[in-house]
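Enquirer: Numbering (UniProt numbering), first residue to last: 1 to 221. Ideal Cβ placement from N, Cα and C applies to all residues, glycine included. Predicted model only: the values in this text are computed from it and were never measured. My questions all concern the structure below.
Structural data, given as structure tokens:
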């Protein structure tokens, strides 16, 4: 494909649409790969896939491959789902939750998410979904952004407690955050300090791809 070859020289944008939540969504060929971007940041594939792949690798691909079910809060183009399926060979059930049906349509059109047999996409607000679900999960990935902004509810104690409640024994949360200011750094520090429970192990991987920090919560029993 000509666009793919040209993308090794300079990025080639092939699709753009307006988004109520993220201003714009773009699909671009970059160095021979399709990526999804919002107006100011990468949404799927590209640097975002590298960030979440690093977190999953930290947990251990072999360990993850043996898990039975995963919850992905914030699907966008589905790069973390592709990592689970294509690289980790995850065979369990994957539930992907995204509030924006348009972004899922774009992901299906350009990244073929609808061809993944063990994936169930739910169009819902993440906060509402975690309140309603009766399932328990071995892996929960939180990757919710509105361009470069993260909704405040993600850092509320009630939400994090509910997320931890949804974990199976030995389950893990992988929370991707963006730190653009000292205020963001303090926000993350406060979140980590709030999870003061011997039932969980919490750690962080700071400055992944410059502006991201991964927070990992492991349920010990």
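#1: Find the nearest neighbour of residue 94 within the set 136, 58, 13, judged by alpha-carbon distance.
#2: Tell me the DSSP bridge mates of residue 215?
#3: Could you tell me if residue 143 is buried or exposed, where buried requires 16 or more neighbouring beta carbons within 10 angstroms of its beta carbon?
#4: Can you name the start and end residues of the alpha helix (DSSP H) that residue 129 belongs to?
#5: In this structure, what does DSSP give as the bridge partners for residue 96?
#6: Check residue 149 in the structure and name its three-state DSSP category.
#7: Report the option in 199, 160, 86, 97 whose CA atom is closest to the CA atom of residue 124.
#8: State whether the stretch 22 to 36 contacts the stretch 172 to 187, with contact taken as three or more CB pairs (one from each stretch) at a distance under 8 Å.
#9: Just checking my contact of residue 140 with residue 167 at CB under 8 Å: how many whole Å lie between their CB atoms?
#10: Is the separation between the beta-carbon of residue 208 and that of residue 51 shorter than 8 Å?
#11: Using beta-carbon positions only, say whether residue 7 and residue 31 come within less than 8 Å of one another.
#12: Quick one: complete alpha helix (DSSP H) runs, 4+ long, within the stretch 27 to 76?
#13: Using 8 Å as the cut-off, can you tell me whether the stretch 77 to 84 makes contact with the stretch 107 to 126, which would need three or more C-beta pairs spanning the two stretches below that distance?
#14: Name, in chain order, the residues that DSSP records as bridge partners for residue 167.
#15: By alpha-carbon positions, which one of 66, 103, 219 ends up nearest to residue 16?
#16: On the DSSP letters alone, give me the boundaries of the alpha helix (DSSP H) that residue 182 sits inside.
#17: By how many angstroms is the C-alpha of residue 27 removed from the C-alpha of residue 2?
#18: What residues are listed by DSSP as bridge partners for residue 19?
#19: Does DSSP put residue 88 in a helix, a strand or coil?
#20: Below 8 Å CB to CB, which residues in the same chain sit around residue 84 once its five sequence neighbours on both sides are set aside?
#21: Do you know offhand how far residue 111's Cα is from residue 43's?
#22: For residue 60 and residue 178, what's the separation of their Cα atoms in angstroms?
Expert: Reading it off the structure:
#1: Taking the first residue of the chain shown as position 1, residue 94 is located at position 94. Residue 136 is the option with its Cα nearest to residue 94.
#2: Sequence index remark: in the chain shown, residue 215 carries index 215 (1-based). Residue 215 is bridged by DSSP to 175, 204.
#3: Numbered from its first residue, the chain shown carries residue 143 at position 143. Buried, because 16 or more other Cβ atoms sit within 10 Å of the Cβ of residue 143.
#4: Locating residue 129 in the chain shown gives position 129, counting from the first residue. Per DSSP, the continuous alpha helix (DSSP H) segment holding residue 129 begins and ends at 126 to 132.
#5: In the chain shown, residue 96 corresponds to position 96, counting from 1. Its beta-bridge partners are 72, 121.
#6: As a first step, residue 149 must be located in the chain shown, where it is residue number 149. Note: residue 149 maps to strand in three-state DSSP.
#7: By 1-based counting over the chain shown, the position of residue 124 is 124. When each option's Cα is compared against that of residue 124, the closest is 97.
#8: Two segments are said to touch when three or more pairs of C-beta atoms, one from each, lie closer than 8 Å; by this definition the stretch 22 to 36 does not touch the stretch 172 to 187.
#9: Stepping through the chain shown from its first residue, residue 140 is reached at position 140. Stepping through the chain shown from its first residue, residue 167 is reached at position 167. Contact between residue 140 and residue 167 is confirmed by a C-beta separation of about 7 Å, below the 8 Å threshold.
#10: Position 208 of the chain shown, counting from 1, holds the residue named residue 208. Position 51 of the chain shown, counting from 1, holds the residue named residue 51. Contact: yes.
#11: If you number the chain shown from 1, residue 7 lands on position 7. If you number the chain shown from 1, residue 31 lands on position 31. Cβ atoms of residue 7 and residue 31: closer than 8 Å.
#12: Runs of the alpha helix (DSSP H) inside the stretch 27 to 76: 46 to 59, 61 to 65.
#13: The answer is yes - the stretch 107 to 126 touches the stretch 77 to 84, with three or more Cβ pairs under 8 Å.
#14: In the chain shown, residue 167 corresponds to position 167, counting from 1. Per DSSP, 137.
#15: In the chain shown, the residue the question calls residue 16 occupies position 16. Closest in alpha carbon position to residue 16, among 66, 103, 219, is 103.
#16: Position 182 of the chain shown, counted from the first residue, corresponds to residue 182. From DSSP, the alpha helix (DSSP H) with residue 182 extends over 182 to 194.
#17: Position 2 of the chain shown, counted from the start, is the residue given in the question as residue 2. Position 27 of the chain shown, counted from the start, is the residue given in the question as residue 27. Taking the straight line from one Cα to the other gives about 16 Å.
#18: Numbered from 1 along the chain shown, position 19 holds the residue referred to as residue 19. Its beta-bridge partners are 23.
#19: Along the chain shown, read from residue 1 onward, the residue named residue 88 stands at position 88. DSSP places residue 88 in coil when its eight states are reduced to three.
#20: In the chain shown, counting from the first residue as 1, residue 84 sits at position 84. Same-chain partners within the cutoff: 56, 64, 70, 90, 94.
#21: Translated into the one-based positions of the chain shown, residue 111 becomes position 111. Translated into the one-based positions of the chain shown, residue 43 becomes position 43. Between the C-alpha atoms of residue 111 and residue 43 there is a straight-line separation of about 13 Å.
#22: Reading the chain shown from its first residue, position 60 is the one you call residue 60. Reading the chain shown from its first residue, position 178 is the one you call residue 178. Computed Cα separation, rounded: 23 Å.
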